[in-house]
Each structure stands twice: as structure tokens, then as C-alpha cells.
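These notes are about the structure you will find just below.
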Amino acid sequence: MRLSRYFLPVLKETPSEAQIVSHRMMLRAGMIKQSAAGIYSWLPLGFKVLRKLENIVHEEQMRAGHIPMLMPTMQSADLWRESGRYDAYGEEMLRIKDRHDRDMLFTPTAEELITDIFRANVSSYKDLPLTMYQIQWKFRDEIRPRFGVMRGREFYMKDGYNFDLTKEDALHAYNRHLVSYLRTYERMGLQAIPMRADGGPIGGDYTHEFLVLAETGESEVFYDSAVTDLTFGDREIDYDSVEQCQAVLEEFTSRYARTDETHDEELFNQIPEERRRVARGIEVGQIFYFGTKYSEPLNAVVQGPDGKQTPVHMGSHGIGVSRLLGAIIEASHDENGIIWPEGVTPFHCGIVNLKQGDEAADAACEQIEAALTAVGLEPLYDDRKERAGGKFATMDLIGLPWRITVGPRGLKNGVVELTSRKTGESVEMSPEEAVKKVAEIYAPHRGGGAVHPEPMANRSFHTWV
Numbered sequence: 172m173r174l175s176r177y178f179l180p181v182l183k184e185t186p187s188e189a190q191i192v193s194h195r196m197m198l199r200a201g202m203i204k205q206s207a208a209g210i211y212s213w214l215p216l217g218f219k220v221l222r223k224l225e226n227i228v229h230e231e232q233m234r235a236g237h238i239p240m241l242m243p244t245m246q247s248a249d250l251w252r253e254s255g256r257y258d259a260y261g262e263e264m265l266r267i268k269d270r271h272d273r274d275m276l277f278t279p280t281a282e283e284l285i286t287d288i289f290r291a292n293v294s295s296y297k298d299l300p301l302t303m304y305q306i307q308w309k310f311r312d313e314i315r316p317r318f319g320v321m322r323g324r325e326f327y328m329k330d331g332y333n334f335d336l337t338k339e340d341a342l343h344a345y346n347r348h349l350v351s352y353l354r355t356y357e358r359m360g361l362q363a364i365p366m367r368a369d370g371g372p373i374g375g376d377y378t379h380e381f382l383v384l385a386e387t388g389e390s391e392v393f394y395d396s397a398v399t400d401l402t403f404g405d406r407e408i409d410y411d412s413v414e415q416c417q418a419v420l421e422e423f424t425s426r427y428a429r430t431d432e433t434h435d436e437e438l439f440n441q442i443p444e445e446r447r448r449v450a451r452g453i454e455v456g457q458i459f460y461f462g463t464k465y466s467e468p469l470n471a472v473v474q475g476p477d478g479k480q481t482p483v484h485m486g487s488h489g490i491g492v493s494r495l496l497g498a499i500i501e502a503s504h505d506e507n508g509i510i511w512p513e514g515v516t517p518f519h520c521g522i523v524n525l526k527q528g529d530e531a532a533d534a535a536c537e538q539i540e541a542a543l544t545a546v547g548l549e550p551l552y553d554d555r556k557e558r559a560g561g562k563f564a565t566m567d568l569i570g571l572p573w574r575i576t577v578g579p580r581g582l583k584n585g586v587v588e589l590t591s592r593k594t595g596e597s598v599e600m601s602p603e604e605a606v607k608k609v610a611e612i613y614a615p616h617r618g619g620g621a622v623h624p625e626p627m628a629n630r631s632f633h634t635w636v
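Each residue of the sequence shown is one higher than the one before, counting from 172 in this note's numbering.
Here is the structure:
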């Protein structure tokens with residue numbers, strides 16, 4: 172992609188309504204534009220990151236054996252009356268009447284709808300276990316939407332639902348989701364700590380929220396600092412193994428970590444004082460087991476192995492996909508802009524031409540662009556006739572992890588400059604070595620497969636200098 176042809180409406184000044192870092196930087200970097208209070212248009216750069224996050228969620232859900240589907244954003248109120256939640260949910264639910272005066276609602280969550288789908292199609296325990304999920308837009312009519320995509324009214328969310336014959340089976344599904352979420356967040360460059368939480372309007376006695384520590388978090392959290400030393404890493408887990416999934420749950424939840432709703436001061440004080448932490452956290456996901464709360468009133472039953480009809484045990488599991496953009500920025504930025512982790516960056520590498528119009532510099536940038544594309548990477552080439560300082564400022568603001576800078580002086584010596592956005596360190600190397608290095612960096616982020624720079628082998632660079 173050439174920046175001269177891309178739609179990237181960056182702002183020099185911070186809009187007055189932006190109160191937190193992620194909101195300021197998403198507006199300034201041309202990622203979003205407010206349409207109404209708490210509702211945003213996702214501009215090309217923001218939409219590109221949103222899709223990266225969505226793909227990671229899909230990959231990890233399917234790795235865990237969960238089945239993707241899609242449900243509507245509009246639901247009939249009749250199902251919610253059947254479960255008893257229509258009047259209980261509160262004013263956050265956007266209630267609508269259609270032209271036939273039927274009560275409808277804009278989906279805040281989909282437990283009733285998925286249970287209706289299940290009860291219409293599944294009648295035997297032989298079809299269990301079953302977990303289905305979707306990634307779909309939701310709406311909650313927040314009384315005071317703020318902080319950009321962190322607390323908007325319309326948001327993009329993964330919501331999954333498991334159906335199991337017994338409580339033990341459903342708790343295995345709970346543990347399986349916890350494992351898949353740990354993998355998901357680490358792939359995004361985040362440390363999301365599972366914390367014991369409150370069930371809220373969804374309900375359930377077993378629930379954990381996943382929180383990213385950040386000063387601007389809306390939740391107060393209490394935890395043992397030892398939890399921040401835990402990483403899932405590249406370990407392989409058999410999702411069908413009850414023992415393996417249970418072991419991961421115990422490893423990541425045995426140390427004290429709770430939100431303010433479930434905080435227990437007496438238990439907290441049992442932690443060695445030097446490890447007690449009180450901080451703020453951003454919720455990026457939550458998992459629930461709620462048993463037969465929905466299956467009983469909605470008559471979602473199956474015939475068990477004993478021939479008797481039994482209500483299924485259920486759980487639901489959410490990830491705030493659009494909210495994750497704000498959380499990543501809150502956790503990874505500096506005064507100059509965003510610093511995207513390699514796994515979610517909108518473009519893998521920026522190419523800055525210090526002297527657009529110079530024959531050698533133009534040719535070198537075009538060949539680097541082609542070489543990166545040939546190894547399956549997406550570069551963003553700043554080919555605008557702008558000052559170098561302005562180009563660097565744009566690259567810093569939008570946060571691409573790596574930048575290759577090309578100028579006539581360096582080309583005379585056969586080198587370009589490769590710069591890390593995270594550390595600010597720059598190294599001079601040949602154009603082919605820069606491409607090879609970037610390809611190697613991204614190899615672990617491309618589904619585990621290697622990125623091979625062989626297409627570079629037959630390219631000639633002597634014409635660049």
C-alpha cells in the first residue's frame with residue numbers, strides 16, 4: 172500500500188472530547204470517527220487492526236473445537252420474556268417496536284437466542300458436548316458512553332455458548348475457554364489476568380474476567396504480583412483432556428486476583444505484603460458457567476443415557492474485540508503514538524523515502540516494497556512528497572513496529588536503516604538484509620509457519636546505489 176493512495180486522516184491536534192490515551196491516539200491516527208455518542212465509524216487503519224484481532228480470536232476458538240456461526244443483531248422480545256430477563260435487564264437494553272408493533276431489541280448478548288436454536292435442533296445427549304460462537308456487533312445503551320471504543324454503546328464482540336450434559340462436562344468447557352483465552356491474548360501481545368468476578372445480569376456462580384492492567388482501567392483490582400510472572404507461551408494443550416485444562420486453570424487462578432466486586436480483604440491480607448497489589452484494570456473478556464439458568468425456563472432439554480429428559484448445563488464466554496484495540500494501545504504506547512505488537516499491527520513494516528523523486532531512492536523503495544510483499548508481508552510505503560520529519564511523525568503515531576528508511580546518502584554506501592518502533596534503535600544494513608530481518612521477525616506471528624525470504628535471492632540491488 173502506498174500512503175499517497177491510502178485514506179489516513181491523521182490529526183495534528185487532539186480532539187477535546189478524548190480523555191484517555193487510546194481514544195486520543197485512535198482519533199489522531201485516523202482509525203475511528205465518532206458518528207454519535209458511543210458509536211464510531213471504523214476507518215481503514217482501525218478496521219484493519221479490528222480484522223487482525225478478529226482473525227486471532229477465530230483461530231483460537233476453532234483450535235479449541237468451537238464452531239463459528241452468526242446470529243442477528245435484532246431479537247424478538249418474546250424470547251427474553253420467556254427467560255425472565257426482558258424486564259430485569261435494565262435500561263442498557265435498547266428496546267424497539269417494529270411496524271407491526273412487535274417488541275424487538277438490539278442484541279446486548281445472545282443466551283436466549285442460542286438456546287432457542289439449540290432446543291429446536293438438539294434432542295439427544297449423543298449430540299453433546301456442543302460449543303458455538305459468533306463475532307457480531309452488540310449494543311448497550313450506556314448512560315454515559317466515554318473513553319472511545321473502551322466504553323462505547325455499539326461494540327464488536329465474540330460471544331460463545333457451550334451446551335453439556337452434566338455440570339462436570341460444562342466446567343471442562345469453562346476450563347477449555349480459559350485456556351483458549353490465555354492463548355488469544357498472548358498472541359495479541361497482551362497479558363490478560365483471569366480474575367474472579369461477579370456474574371452481573373448474565374448470572375452464574377463460576378465466572379472470571381480477563382483484565383489488562385492499565386492506569387485508565389475502569390475496574391479496581393486486587394492481586395498477588397506473582398500472577399504477572401505467569402505466561403502460557405507456546406505450550407501445546409489437548410483441549411479434550413480434562414486434566415490438562417484443569418491444570419492450566421489451577422496454575423493461572425490459584426493465586427489471589429479479584430475485581431472489586433468479589434474482593435475479600437481477609438484473603439488478600441494473607442498474601443505476603445511485598446506481593447500485594449492494588450491497581451486498575453481493563454476488562455477484555457469474561458467466561459461464565461451458569462448451569463441450567465436458561466435451559467430450564469426455555470426448555471432446552473435432551474434425552475440422557477437413562478432415557479430421561481434433562482436440562483442441559485450451559486456457559487457463555489465473551490471477548491470484547493473492538494474494546495481490545497483500546498486496551499492494546501493503553502498498554503503499548505509512548506508520547507509519540509501507538510506501538511503495535513507484531514501480532515496485530517495493521518502493516519508489518521513502514522517504508523520511508525527520504526527524498527521522493529530521487530531516481531535511486533524511488534527504485535530502492537519500490538523494490539523493498541515488492542520484496543516484502545513477495546514474502547507475504549504488508550508494507551506501508553510513505554511515498555508522499557513531504558518533509559522527512561513529517562513522515563517519521565506519521566509512522567510513530569500509527570505505531571508500525573518496524574520502519575525501513577531509504578535515502579540517497581545511505582544508498583551510496585549500499586545501506587538502508589531498519590528502526591524498531593518499540594526501542595527506537597536503528598541499524599544500518601543492506602536492503603536485502605533488512606527485508607530478510609523483517610521476514611524473520613514476523614515468522615512466529617504467521618500461524619507458526621516460517622517466512623522464507625528466498626524470492627529475494629534473484630533480485631539485484633546493485634542498481635540502487
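Ideal placement from N, C-alpha and C gives every residue a C-beta, glycine not left out.
Item	Value
According to DSSP, TYR410 sits in a beta bridge with which residue or residues?	According to DSSP, which records beta bridges pairwise, TYR410 is partnered with nothing at all.
Three Cβ pairs or more, each shorter than 8 Å: is that satisfied between the region 178-195 and the region 316-328?	yes
From which residue to which residue does the beta strand (DSSP E) around LEU265 run?	265-268
Closer than 8 Å is the cut-off here; do at least three beta carbon pairs connect the region 416-433 with the region 458-470?	no
For HIS379, which residues does DSSP report across the bridge?	ARG367 and ILE458
Does the region 601-611 come into contact with the region 537-556, if we say contact requires no fewer than three beta-carbon pairs (one atom in each stretch) closer than 8 Å?	yes
Would the region 448-458 count as touching the region 478-491 if we require 3 or more Cβ pairs under 8 Å?	yes
In whole angstroms, what separates the C-alpha of GLY475 from that of ILE499?	45 Å
Which whole runs of the alpha helix (DSSP H) in the region 273-350 are 4 residues long or more, in chain order?	282-292
Compute the Euclidean distance between the alpha carbons of VAL598 and LEU241, then round it to the nearest angstrom.	47 Å
If you count every other CB in all the chains shown that lies within 10 Å of the CB of GLY578, and 16 or more means buried, which is it?	buried
Could you tell me if LYS479 is buried or exposed, where buried requires 16 or more neighbouring beta carbons within 10 angstroms of its beta carbon?	exposed
Is DSSP giving ILE373 helix, strand or coil here?	In this prediction, ILE373 has a pLDDT of 49, which is less than 50 and means its spatial position is unreliable; what the coordinates show is noted afterwards. In the structure shown, ILE373 sits in coil (DSSP, three-state: anything other than H, G, I, E or B).
Taking Cβ to Cβ, would you say HIS504 is nearer than 7 Å to GLU549?	no
Mind reading off the beta-carbon distance from ILE569 to GLY508? Whole number of angstroms is fine, and I expect it under 8 Å.	7 Å
Between which two residues does the alpha helix (DSSP H) harbouring VAL609 extend?	602-613
Just reading off the beta strand (DSSP E) that TRP213 is part of, what are its end residues?	210-213
Give a yes or no on whether the C-beta atoms belonging to GLY514 and ARG451 are separated by under 7 Å.	no
Secondary structure at ILE569, three-state DSSP: helix, strand or coil?	helix
DSSP three-state call for THR576: helix, strand or coil?	strand
Do you know offhand how far TYR410's Cα is from ALA614's?	25 Å
Taking all protein chains shown into account, do 16 or more other C-beta atoms lie within 10 angstroms of the C-beta of THR402, making it buried, or fewer, making it exposed?	exposed
For PRO263, which residues of its own chain have a beta-carbon under 6 Å away from its beta-carbon, when the five flanking residues on both sides are left out?	The displayed chain sequence assigns Glu, not Pro, to residue 263. Closer than 6 Å at the Cβ level, and outside the excluded window around GLU263, lie ARG311 and ASP312.
Is it true that the region 266-275 meets the region 442-451, where meeting means three or more beta-carbon pairs spaced less than 8 Å apart?	no
Could you tell me how far apart the beta carbons of ASP287 and TYR304 are, in whole angstroms, since I believe they sit closer than 8 Å?	Contact doesn't hold; Cβ gap of about 16 Å is too wide.
Residue range of the beta strand (DSSP E) that SER247 falls in?	245-247
Using alpha carbons as the reference points, say which of LEU589, ILE510 and TRP213 lies closest to PHE326.	TRP213
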